[in-house]
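Asker: Pasting a structure here, questions to come.
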Amino acid sequence: MTPRRFVLSARTAPRRFTCLVVLALLPLPAAADYLPRHEAAALLQRMADASRRLAYEGVFVVQSGGEMQTLAISNRPIGGAKESRLAAMDGVQREVRCTQTGSLSLVSEGGQLRMERRLNSRHFPDLLPQDATPLANWYGVRLGEFARVAGLDCRQVELTPRDGFRWGHVLCAEKDSALPLKAVMVNERGKPLMQYAFAEIRLGSAPRMNTAPTLPEVPDSARPVVGDSVLVKQLPPGFSRVTAVRRTLPNRPGEVEHWVFSDGLTHVSLFLENSPRPVETVRGQSKQGMIHLLTRQVGPLRATILGDAPWATVEAIAMNLEARGGER
Amino acid sequence: MTLPASQLQGDDSLSALIDGELDDDTAQRLLRRLGTDAHERDRFAQYCAIGDALRGLPDGDPGFTARVMAALEHEATVLAPLRRQRDRRPALWLAAATVAAISWGLWHSDPRQPLPSPPLASAPMLVPAVDATAYVAAHQDFAQAVMAMPEMQFTRVSLNGDGR
Numbered sequence: 181m182t183p184r185r186f187v188l189s190a191r192t193a194p195r196r197f198t199c200l201v202v203l204a205l206l207p208l209p210a211a212a213d214y215l216p217r218h219e220a221a222a223l224l225q226r227m228a229d230a231s232r233r234l235a236y237e238g239v240f241v242v243q244s245g246g247e248m249q250t251l252a253i254s255n256r257p258i259g260g261a262k263e264s265r266l267a268a269m270d271g272v273q274r275e276v277r278c279t280q281t282g283s284l285s286l287v288s289e290g291g292q293l294r295m296e297r298r299l300n301s302r303h304f305p306d307l308l309p310q311d312a313t314p315l316a317n318w319y320g321v322r323l324g325e326f327a328r329v330a331g332l333d334c335r336q337v338e339l340t341p342r343d344g345f346r347w348g349h350v351l352c353a354e355k356d357s358a359l360p361l362k363a364v365m366v367n368e369r370g371k372p373l374m375q376y377a378f379a380e381i382r383l384g385s386a387p388r389m390n391t392a393p394t395l396p397e398v399p400d401s402a403r404p405v406v407g408d409s410v411l412v413k414q415l416p417p418g419f420s421r422v423t424a425v426r427r428t429l430p431n432r433p434g435e436v437e438h439w440v441f442s443d444g445l446t447h448v449s450l451f452l453e454n455s456p457r458p459v460e461t462v463r464g465q466s467k468q469g470m471i472h473l474l475t476r477q478v479g480p481l482r483a484t485i486l487g488d489a490p491w492a493t494v495e496a497i498a499m500n501l502e503a504r505g506g507e508r
Numbered sequence: 372m373t374l375p376a377s378q379l380q381g382d383d384s385l386s387a388l389i390d391g392e393l394d395d396d397t398a399q400r401l402l403r404r405l406g407t408d409a410h411e412r413d414r415f416a417q418y419c420a421i422g423d424a425l426r427g428l429p430d431g432d433p434g435f436t437a438r439v440m441a442a443l444e445h446e447a448t449v450l451a452p453l454r455r456q457r458d459r460r461p462a463l464w465l466a467a468a469t470v471a472a473i474s475w476g477l478w479h480s481d482p483r484q485p486l487p488s489p490p491l492a493s494a495p496m497l498v499p500a501v502d503a504t505a506y507v508a509a510h511q512d513f514a515q516a517v518m519a520m521p522e523m524q525f526t527r528v529s530l531n532g533d534g535r
């Protein structure tokens, strides 16, 4: 079958844009069972704190589409921070270690150990940001059903986005500590896109960590960006730039700029690299619809926007990029 | 041409809003109502979907369609808006007014201005895969997943302002 190519005409494009913008920005309907914002903020903060301030060890399962992975985790609080270790129990031998000084990824493949610094210490169950209270501005929060996960009682906490720029989340908070025992990311129809759940967990114990108090010396492959090469005219509500570094990418020559925009829960990456030839504008989507990508030319640069976010978010960021005057 | 509120009622006003034919005051009033009235919001979504269907446009936003379909499931009757015969000129001001009104009226905690995005035309034409592995791997530092590379599908799209 010959693919049909659709192009919006000058007459229809503004109409369609009006529809998309209005529907994306309309708030969720008023519902009596959504928590007041101050209560929602307090609950989110309690869950965020629990994942860092509690000592626990256990095994959790990650499932996305047809893929499933099991990981062992141990966590203990160190001062106001955490020290955690994740180890993949199937597939490629992989570990993530997080300490106060940073986060490290260790991958053992073909008899070789590869160590890379990570730019972030985020992992289940520590998914909420350190300051989780602003999330109540962008998500409606309500308490759901009681459930049982890994032998512990918990209560579902539903985070419903107030607009079309983020996915929804359903967490199950342990009844006493509020530690998330399960986390499900859902699309606008409530269909699960990715889920984590503890299979077993021991709370309150101070696990013996195999990690050294400090991470091994690994050269930092990222350095801060000096002077922005593009202008982002506008970001979706609640999003701000949380990272801007120059770094190398795995198995790729040369450096790219890697920016990250986030509302605290949703993260979208922007990669900028010199492009000798103008690139075609291409949209990508993962099979489950969780990840969206757009590559386009911005001045002399190739911009790739990628995130586990709705298409509207990636599109809004991509379309608001503007080349700064002059070459870098 | 913009129309004052006195000439519009019910269905007419939603249709005129989409067409960019309302004056600023009426448009802002209607947008505020959409923010508080779930029934009106559902009707607005239906009008958008019906308009796209009548013009044979593809679904460029899966989320949009899903929201509309969810609304349709709860509606017994679907009313198709009458097509106006007079010439309609694109009114780009409506995009700005739309978001400004919503930002002002509904997003008290965020005084941001509208997203001045030009429209995107989606071409459902599969193109050879972009090598996104390195980007996805780098993004993993921030994403929730500690997973294998997801299967991706790519399409060519047209973007107003490309090549700037």
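Residue numbers (the working numbering), protein chains in the order written: chain A, 181 to 508; chain B, 372 to 535. The C-beta atom is built at its ideal place from N, Cα and C for all residues, glycine as well.
Secondary structure at Asn317(A), three-state DSSP: helix, strand or coil?
Answerer: Residue state, collapsed to three classes: helix.
Asker: In terms of alpha-carbon separation, which member of Val412(A), Leu323(A), Phe345(A) and Met374(A) lies closest to Cys352(A)?
Answerer: With distances taken between Cα atoms, Cys352(A) lies closest to Leu323(A).
Asker: Could you give the distance in angstroms between the alpha-carbon of Arg483(B) and the alpha-carbon of Pro341(A)?
Answerer: Reliability of the predicted coordinates at Arg483(B) is poor, the pLDDT of 37 falling under 50, and no value is obtained from them.
Asker: Compare the Cα-Cα distances from Thr493(A) to each of Met227(A), Gln465(A) and Leu481(A) and report the closest residue.
Answerer: Of Met227(A), Gln465(A) and Leu481(A), the residue nearest in Cα terms is Gln465(A).
Asker: Could you tell me which residues DSSP puts in a beta bridge with Gly282(A)?
Answerer: Gly282(A) pairs with Thr279(A).
Asker: For a test of the three-state rule: what should DSSP assign to Ser384(B), helix, strand or coil?
Answerer: Reduced to three states, the DSSP call for Ser384(B) is helix.
Asker: With contact counted as at least three CB pairs below 8 Å, one residue from each stretch, are the segment 420 to 439 of chain A and the segment 501 to 516 of chain B in contact?
Answerer: Output reads yes: the segment 501 to 516 of chain B touches the segment 420 to 439 of chain A.
Asker: Just list the beta strand (DSSP E) runs in the segment 225 to 308 of chain A, keeping only unbroken ones of 3 residues or longer that don't cross its boundaries, in chain order.
Answerer: Complete beta strand (DSSP E) runs here, min 3: 236 to 244, 247 to 258, 261 to 268, 273 to 279, 282 to 289 and 292 to 298.
Asker: If we ignore side chains and look at the alpha-carbon of each, how far apart do Leu450(A) and Leu415(A) end up?
Answerer: Roughly 12 Å separates the two Cα atoms.
Asker: Within 10 Å of its beta-carbon, does Leu385(B) have 16 or more other beta-carbons around it, so buried, or fewer, so exposed?
Answerer: It is buried - the Cβ of Leu385(B) has at least 16 other Cβ atoms within 10 Å.
Asker: List the residues of chain A that Ala387(B) touches, going by C-beta distances under 8 Å, in chain order.
Answerer: The premise fails here: Ala387(B) is roughly 11 Å from chain A at the closest Cβ pair, so nothing lies under 8 Å.
Asker: Take every Cβ of the segment 232 to 248 of chain A, pair it with every Cβ of the segment 363 to 378 of chain A, and state whether three or more of those distances are shorter than 8 Å.
Answerer: At 8 Å Cβ cutoff, the stretches touch.
Asker: For a contact defined as C-beta to C-beta under 9 Å, what are the partners of His218(A) on chain B?
Answerer: Chain B residues near His218(A): none, gap ~13 Å exceeds 9 Å.
Asker: So, at 6 Å on beta carbons, what are the nonlocal neighbours of Arg459(B) in its own chain, with the 5 sequence-adjacent residues on each side left out?
Answerer: With a pLDDT of only 45 at Arg459(B), under the threshold of 50, the placement of this residue in the model should not be trusted, and no figure is reported.
Asker: Does Arg404(B) come within less than 8 Å of chain A when only Cβ atoms are used?
Answerer: Chain A, which has no Cβ nearer than 8 Å to the Cβ of Arg404(B), makes this no.
Asker: Tell me His447(A)'s beta-bridge partners as DSSP assigns them.
Answerer: Per DSSP, Ser442(A).
Asker: When you compare only the Cα positions, how much space is there between Ala503(B) and Met470(A)?
Answerer: Rounded to the nearest angstrom, the two C-alpha atoms are 15 Å apart.
Asker: Does the structure place the segment 272 to 290 of chain A close enough to the segment 402 to 411 of chain A that three or more beta carbon pairs sit under 8 Å?
Answerer: They do not touch, by the three-pair rule.
Asker: Rank Ser264(A), Arg265(A), Asp229(A) and Asp270(A) by C-alpha distance to the C-alpha of Gln249(A) and give the top, closest one.
Answerer: Among Ser264(A), Arg265(A), Asp229(A) and Asp270(A), the Cα nearest to that of Gln249(A) is on Asp270(A).
Asker: If I'm right that Arg335(A) touches Lys355(A) with Cβ under 8 Å, what's the distance once you round it to whole angstroms?
Answerer: With 8 Å as the limit, Arg335(A) and Lys355(A) qualify as a contact, their Cβ atoms being about 6 Å apart.
Asker: Using a Cβ-Cβ cut-off of less than 8 Å, give me the residues of the segment 486 to 506 of chain A that come near chain B, in sequence order.
Answerer: Of all residues in the segment 486 to 506 of chain A, Leu486, Gly487, Asp488, Pro490, Trp491, Ala492, Glu495, Ala496, Ala498, Met499, Asn500, Glu502 and Ala503 have a Cβ within less than 8 Å of some Cβ in chain B.
Asker: Among Glu325(A), Tyr319(A), Ala358(A) and Val459(A), whose alpha-carbon lies nearest the alpha-carbon of Asp343(A)?
Answerer: Looking at the Cα atoms, Tyr319(A) is the closest of the given residues.
Asker: With distances taken from CA atoms, which of Ala221(A), Val321(A), Gly418(A) and Val272(A) is nearest Val448(A)?
Answerer: Minimum Cα distance to Val448(A) is reached at Gly418(A).
Asker: Using the Cα positions of Asn367(A) and Leu445(A), report the straight-line distance between them to the nearest angstrom.
Answerer: Distance between the alpha carbons of Asn367(A) and Leu445(A) is about 14 Å.
Asker: Rounded to whole angstroms, what's the CA-CA distance from Arg527(B) to Arg463(A)? Just pull it up for me.
Answerer: Distance between the alpha carbons of Arg527(B) and Arg463(A) is about 6 Å.
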